[in-house]
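Peer 1: I'd like to ask some things about the structure below.
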Amino acid sequence: MSFSKLSSTFARVGALSAAVLAPAIAFAQDATSAAAAAPVPDKGDTAFMFISTILVLFMLVPGLALFYGGLVRSKNMLSVLMQCTMVGAVVMILWVLYGYSFAFGGGTSPYWGGTAKMFLSGVSTSTTAATFSKGVVIPEFIFMLFQMTFAAITPALIIGAFAERIKFGAAVLFCALWATFVYFPIAHMVWDSNGMLFKMGALDFAGGTVVHINAGIAGFVGAILVGKRVGFGKDMMAPHSMTLTMVGASMLWVGWFGFNAGSNLEASGGAMLATANTFVATAAAIISWSLVETFTRGKASMLGGASGMVAGLVAITPAAGIAGPMGAIVMGLIVSPLCYFFVSVVKNKFGYDDTADVFGVHCIGGIFGAIATGVFASASLGGVGYADGVTMGSQVVVQLTAVVTTILWCGIGSAILYKIVDLIMGLRVTTEAEREGLDLASHGEAAYHNS
Numbered sequence: 026m027s028f029s030k031l032s033s034t035f036a037r038v039g040a041l042s043a044a045v046l047a048p049a050i051a052f053a054q055d056a057t058s059a060a061a062a063a064p065v066p067d068k069g070d071t072a073f074m075f076i077s078t079i080l081v082l083f084m085l086v087p088g089l090a091l092f093y094g095g096l097v098r099s100k101n102m103l104s105v106l107m108q109c110t111m112v113g114a115v116v117m118i119l120w121v122l123y124g125y126s127f128a129f130g131g132g133t134s135p136y137w138g139g140t141a142k143m144f145l146s147g148v149s150t151s152t153t154a155a156t157f158s159k160g161v162v163i164p165e166f167i168f169m170l171f172q173m174t175f176a177a178i179t180p181a182l183i184i185g186a187f188a189e190r191i192k193f194g195a196a197v198l199f200c201a202l203w204a205t206f207v208y209f210p211i212a213h214m215v216w217d218s219n220g221m222l223f224k225m226g227a228l229d230f231a232g233g234t235v236v237h238i239n240a241g242i243a244g245f246v247g248a249i250l251v252g253k254r255v256g257f258g259k260d261m262m263a264p265h266s267m268t269l270t271m272v273g274a275s276m277l278w279v280g281w282f283g284f285n286a287g288s289n290l291e292a293s294g295g296a297m298l299a300t301a302n303t304f305v306a307t308a309a310a311i312i313s314w315s316l317v318e319t320f321t322r323g324k325a326s327m328l329g330g331a332s333g334m335v336a337g338l339v340a341i342t343p344a345a346g347i348a349g350p351m352g353a354i355v356m357g358l359i360v361s362p363l364c365y366f367f368v369s370v371v372k373n374k375f376g377y378d379d380t381a382d383v384f385g386v387h388c389i390g391g392i393f394g395a396i397a398t399g400v401f402a403s404a405s406l407g408g409v410g411y412a413d414g415v416t417m418g419s420q421v422v423v424q425l426t427a428v429v430t431t432i433l434w435c436g437i438g439s440a441i442l443y444k445i446v447d448l449i450m451g452l453r454v455t456t457e458a459e460r461e462g463l464d465l466a467s468h469g470e471a472a473y474h475n476s
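Residue numbers (the numbering used here): 26 to 476.
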């Protein structure tokens, strides 16, 4: 065969091969383009969010339950543990049935997320949720579960305001209704890209408005409507176990790293900033509360130390990934005197019975934290800076708008829901049951037995 014939043969074979392989090559190119267009979750981010989710669960049980349990009298210890546990469990179920959809269902309403993801419709092992970084995603299941733990602990926070005198069924029913009509809409308004407050530019990194102001206002309304405990102001009602309260508060601090750092949604520098702020703001608030007590009472108490711990955590929550560490320290130093004033002066002045100071610590600390976030977000103060065209003054105005919106939505909604529950089953236990203690009266068991 001549060279020219050999070349011709190779040319025909090459052309034939190209024709045969062209569809496969095109398919491979399309697949490559599709893969580039659909980001794949990083296993490190997924593991980080899994740990953060478990840490927030740890905040609820046993953290919050023990913190509140130690603050009540021994005859009501188990009732608080049971209320926190049951409220968390009920809200978890409501979340997967419709709560996730109501908050993050993809609807265009500024007030709720719609019904598209009810019963987790469309959520699978292959669906993803966006993070704050372009092109970075996490599995939608872990995003859904992380937000579920927030939804579960927030109504449980309310329990501390009317502990020791509310019916078990009433507490659970109210929290279920409250999560549905108050928490889910506020979560959508603040954290969903279509939400009213989100679009306004409100900054709430991990739940100053959604969690703490929300729960604090509901607790305040509940403390008033449920009424004071029998013997309030006359009988000894000191916490029965500061040891357990300290254990619970410490668990809250540990779990709060999942709460704050996890709200970054990825294991990046932003999560580590939130971690640093969660350390130093809390430490500053503990020191600050203890100093205030020393100057006003002559002694620093363990109850004050635990209260300062929670106050610092509450204050830094909305600013965790936004303020710088020095700003976080200042926030921690300021929040404790503010909360101490409401807990020791305002509460006594007006005489409302907020058993675990849910309003004085969570609501007041949350309001301060939300407003201070607008200040300490400034790059000049070590924060991450504002969006283009936003000044400190305009950001603070937006933060105030978010605070007022949350207070009104939650305050009015909570009052209505308390009245509904009261009509259905009544809010309070009988005087006899309250004197006996809710452990025996409501659950037929006692936390402690004399041997």
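From the three backbone atoms N, C-alpha and C, an ideal C-beta is built for every residue, glycine too.
Is DSSP giving G462 helix, strand or coil here?
Peer 2: As a first step, residue 462 is located in the sequence shown; it is residue number 437 there, counting from the start. Of the three classes helix, strand and coil, the one that applies to G462 here is coil, per DSSP.
Peer 1: When the Cα of R190 is compared with those of I347, M225, I432, V255, which residue comes out closest?
Peer 2: By 1-based counting over the sequence shown, the position of residue 190 is 165. Taking only the C-alpha atoms, the option nearest R190 is V255.
Peer 1: Check whether the Cβ atoms of G280 and L80 lie closer than 7 Å to each other.
Peer 2: Reading the sequence shown from its first residue, position 255 is the one you call residue 280. Reading the sequence shown from its first residue, position 55 is the one you call residue 80. Taking 7 Å as the Cβ cut-off, G280 and L80 qualify as a contacting pair.
Peer 1: Looking only at its chain, what residues have a beta carbon closer than 7 Å to the beta carbon of Y473, apart from the 5 residues adjacent to it on each side?
Peer 2: Residue mapping note: residue 473 aligns to position 448 of the sequence shown, counting from 1. Taken in chain order, the residues that qualify are S99.
Peer 1: Is the separation between the beta-carbon of M356 and that of W278 shorter than 7 Å?
Peer 2: Position 331 of the sequence shown, counted from the first residue, corresponds to residue 356. Position 253 of the sequence shown, counted from the first residue, corresponds to residue 278. For M356 and W278, no; Cβs fall outside 7 Å.
Peer 1: Can you give the Cα-Cα distance for M262 and M214, rounded to whole angstroms?
Peer 2: As a position in the sequence shown, residue 262 is number 237, starting the count at 1. As a position in the sequence shown, residue 214 is number 189, starting the count at 1. Each residue's alpha carbon lies about 39 Å from the other.
Peer 1: So V162 and A155 are supposed to be a Cβ contact under 8 Å. How far apart are they, rounded?
Peer 2: Here residue 162 refers to the residue found at position 137 when the sequence shown is read from its first residue. Here residue 155 refers to the residue found at position 130 when the sequence shown is read from its first residue. Contact holds; Cβ gap of about 6 Å.
Peer 1: Does the segment 372 to 384 come close enough to the segment 392 to 406 that 3 or more CB-CB pairs lie under 8 Å?
Peer 2: Contact between the segment 392 to 406 and the segment 372 to 384 is absent, because fewer than three Cβ pairs lie under 8 Å.
Peer 1: Please report the Cβ distance between F199 and Y365, rounded to the nearest whole angstrom; I am assuming they are in contact, meaning their Cβ atoms lie under 8 Å.
Peer 2: If you number the sequence shown from 1, residue 199 lands on position 174. If you number the sequence shown from 1, residue 365 lands on position 340. Not really, about 29 Å apart at Cβ, beyond 8 Å.
Peer 1: Mind reading off the beta-carbon distance from V7 to I396? Whole number of angstroms is fine, and I expect it under 8 Å.
Peer 2: Residue coverage of the chain in this structure runs from 26 to 476, which leaves residue 7 outside it and unanswerable.
Peer 1: So, with DSSP's three-state summary, where would you put A286?
Peer 2: Walking along the sequence shown from the start, residue 286 turns up at place 261. Helix.
Peer 1: So, are the CB atoms of L298 and A240 less than 7 Å apart?
Peer 2: As a working note, residue 298 is residue 273 in the sequence shown. As a working note, residue 240 is residue 215 in the sequence shown. No. Outside cutoff.
Peer 1: Do A128 and F209 have their C-beta atoms within less than 7 Å of each other?
Peer 2: Locating residue 128 in the sequence shown gives position 103, counting from the first residue. Locating residue 209 in the sequence shown gives position 184, counting from the first residue. Closer than 7 Å, so yes.
Peer 1: Three-state secondary structure (DSSP) at A155?
Peer 2: The residue labelled residue 155 in the question sits at position 130 within the sequence shown. Residue state, collapsed to three classes: strand.
Peer 1: Going by C-alpha distance, which of T150, I347, S146 is nearest N289?
Peer 2: For the purposes of this step, residue 289 is identified with residue 264 of the sequence shown, where counting begins at 1. Checking every option, the nearest Cα to that of N289 belongs to I347.
Peer 1: For the beta strand (DSSP E) containing P164, name the first residue and the last one.
Peer 2: Counting from one through the sequence shown, the residue named residue 164 turns up at place 139. Unbroken beta strand (DSSP E) run through P164: 162 to 164.
Peer 1: Tell me whether F168 is buried or exposed, calling it buried when 16 or more other Cβ atoms sit within 10 Å of its Cβ.
Peer 2: Mapped onto the sequence shown, residue 168 falls at position 143. With 16 or more Cβ atoms within 10 Å of its Cβ, F168 is classed as buried.
Peer 1: Please report how far the alpha carbon of A458 lies from the alpha carbon of I354, in whole angstroms.
Peer 2: Residue 458 sits at position 433 when you count from the first residue of the sequence shown. Residue 354 sits at position 329 when you count from the first residue of the sequence shown. Distance between the alpha carbons of A458 and I354: 45 Å.
Peer 1: In terms of alpha-carbon separation, which member of D67, T205, A72 lies closest to V112?
Peer 2: Mapped onto the sequence shown, residue 112 falls at position 87. Comparing Cα-Cα distances from V112 to each of D67, T205, A72, the minimum goes to T205.
Peer 1: CB F187 to CB V251, shorter than 7 Å?
Peer 2: As a working note, residue 187 is residue 162 in the sequence shown. As a working note, residue 251 is residue 226 in the sequence shown. Yes.
Peer 1: Using only the alpha-carbon positions, how far apart do T78 and V235 sit?
Peer 2: For the purposes of this step, residue 78 is taken as residue 53 along the sequence shown, with counting starting at 1. For the purposes of this step, residue 235 is taken as residue 210 along the sequence shown, with counting starting at 1. So the two alpha carbons sit approximately 17 Å from each other.
Peer 1: I'd like the list of long-range same chain contacts for M267, defined as Cβ closer than 8 Å, with 5 residues on each side in sequence excluded.
Peer 2: Indexing the sequence shown from 1 puts residue 267 at position 242. Within the same chain, M267 has close Cβ partners G95, M327, L328, A331.
Peer 1: Run through the DSSP bridge pairs and tell me what I238 is partnered with.
Peer 2: What you label residue 238 is simply residue 213 of the sequence shown in a count that begins at 1. None; I238 has no bridge partner.
Peer 1: Between P180 and W203, is the Cβ-Cβ spacing less than 7 Å?
Peer 2: Taking the first residue of the sequence shown as 1, we reach residue 180 at position 155. Taking the first residue of the sequence shown as 1, we reach residue 203 at position 178. Yes.
Peer 1: When DSSP labels each residue in this structure, what does I347 get in the three-state scheme?
Peer 2: Here residue 347 refers to the residue found at position 322 of the sequence shown. I347 falls in the coil class under three-state DSSP.
Peer 1: What does a CB cutoff of less than 6 Å around L4 pick up in its chain, not counting 5 residues either side in sequence?
Peer 2: In this structure the chain extends from 26 to 476, so residue 4 is not present and cannot be described.
Peer 1: What first and last residue would you give for the alpha helix (DSSP H) that runs through R254?
Peer 2: The residue labelled residue 254 in the question sits at position 229 within the sequence shown. Here R254 belongs to no alpha helix (DSSP H), and DSSP marks it neither H nor E.
Peer 1: Considering only C-alpha positions, which residue in the set G294, M225, M271 is nearest to L89?
Peer 2: Along the sequence shown, read from residue 1 onward, the residue named residue 89 stands at position 64. Nearest option by C-alpha distance: M271.
Peer 1: Three Cβ pairs or more, each shorter than 8 Å: is that satisfied between the segment 138 to 147 and the segment 68 to 77?
Peer 2: They do not touch, by the three-pair rule.
Peer 1: Would D413 be called buried (16 or more neighbouring beta carbons within 10 Å of its own) or exposed?
Peer 2: The residue you call residue 413 lines up with position 388 of the sequence shown. That one is exposed.
Peer 1: Does DSSP put R98 in a helix, a strand or coil?
Peer 2: The sequence position of residue 98 within the sequence shown is 73, counting from 1. Reduced to three states, the DSSP call for R98 is coil.
Peer 1: Taking V482 as the reference, give the member of I118, A196, T153 with the closest Cα.
Peer 2: For residue 482 there is no data in the structure shown, the boundaries of the chain being 26 and 476.
Peer 1: In chain order, what residues of the same chain lie with their CB nearer than 6 Å to the CB of S467, ignoring the 5 residues before and after it?
Peer 2: The residue given as residue 467 occupies position 442 in the sequence shown. S104, F193.
Peer 1: Who does I191 pair with in a DSSP beta bridge?
Peer 2: For this step, residue 191 is matched to residue 166 along the sequence shown. DSSP lists R453 as partners of I191.
Peer 1: Taking 7 Å as the threshold (C-beta atoms), are A310 and S361 in contact?
Peer 2: Residue numbering aside, residue 361 sits at position 336 when the sequence shown is read from its first letter. Residue numbering aside, residue 310 sits at position 285 when the sequence shown is read from its first letter. Yes, these two residues count as a Cβ contact at 7 Å.
Peer 1: Put L228 into one of helix, strand or coil per three-state DSSP.
Peer 2: Along the sequence shown, read from residue 1 onward, the residue named residue 228 stands at position 203. Note: L228 maps to coil in three-state DSSP.
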